[in-house]
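Down below is the structure, laid out as structure tokens.
Residue numbers (this note's numbering): 186 to 251.
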């Protein structure tokens, strides 16, 4: 699987529901992910490092890595 597709899957799993938030702007989104986390993941993809990060976390049994 390409690193970008893998990163997208990971970020979808990391996203949290925005339905319960009191902010009307955020309620327009189904889910949110901190921008700092998105940036870090995209930088890893850009550097070709995300696959190694993903594989290591999956081997350690982290629940966000399927």
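Note that CB positions come from ideal geometry on N, CA and C, so glycine has one too.
Assigned exposure category for residue i - 16 Cβ within 10 Å defines buried
i, result
"residue 230", "buried"
"residue 232", "exposed"
"residue 245", "exposed"
"residue 188", "buried"
Which residues DSSP lists as bridging residue i, in chain order
i, result
"residue 216", "202"
Residue i vs residue j beta-carbon contact at 8 Å
i, j, result
"residue 195", "residue 226", "yes"
"residue 216", "residue 200", "yes"
Residue-level contact to chain C via CB, residue i, 8 Å cutoff
i, result
"residue 243", "In the displayed structure, chain C is absent; only one protein chain is listed."
Inset, instruction - Count the C-beta pairs between the region 236–247 and the region 209–225 that are closer than 8 Å, then say yes if the count reaches three, no if not. - result: Short answer: they don't touch.
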